[in-house]
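**Student:** Got a structure here, written out as structure tokens. Questions coming.
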């Protein structure tokens with residue numbers, strides 16, 4: 586079951602979060618050979634999506650990074666979105682590990 590976490594991103598800035606992926610016992614999941622993908626959408630039913638940049642940053646410790654670039658966050662209208670992040674093992678089995686709402690906060694500085 587995925588961890589539910591709400592995220593806040595300042596529009597026009599870079600955002601990166603580090604996530605510890607654990608098994609049902611709370612131990613770090615070895616992510617060797619896994620891939621990671623994630624998307625942000627205005628709603629669960631939106632046809633368009635913004636891809637999150639996701640990577641396994643420490644496979645044996647079960648750590649992934651999830652990022653949104655300043656260019657991506659600047660292109661998104663302020664407001665609430667939904668997102669999720671999935672890992673896929675070498676056999677093709679997908680597991681959702683993180684999900685929640687992502688809020689883009691408007692910015693004032695436009696230089």
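In this note's numbering, the protein residues as written are 586 to 696.
All C-beta atoms in this analysis are idealised placements derived from N, C-alpha and C, irrespective of residue type, glycine included.
None of these values were measured; they are calculated from a predicted model.
1. Quick one: grab the DSSP three-state call for residue 659.
2. Report the residue from 675, 664 and 685 whose alpha carbon sits nearest the alpha carbon of residue 596.
3. Tell me the start and end of each unbroken beta strand (DSSP E) in the region 603-652 that is at least 3 residues and wholly inside, in chain order.
4. Look up residue 690 in the DSSP assignment and say whether it is helix, strand or coil.
5. Going by beta carbon distance, what residues of the same chain come within less than 7 Å of residue 589, once the five residues before and after it are set aside?
6. Distance check for residue 630 and residue 668, CA to CA, integer angstroms please.
**Tutor:** With the structure as the only source:
1. helix
2. 664
3. 620-626 and 635-643
4. strand
5. 684 and 685
6. 12 Å
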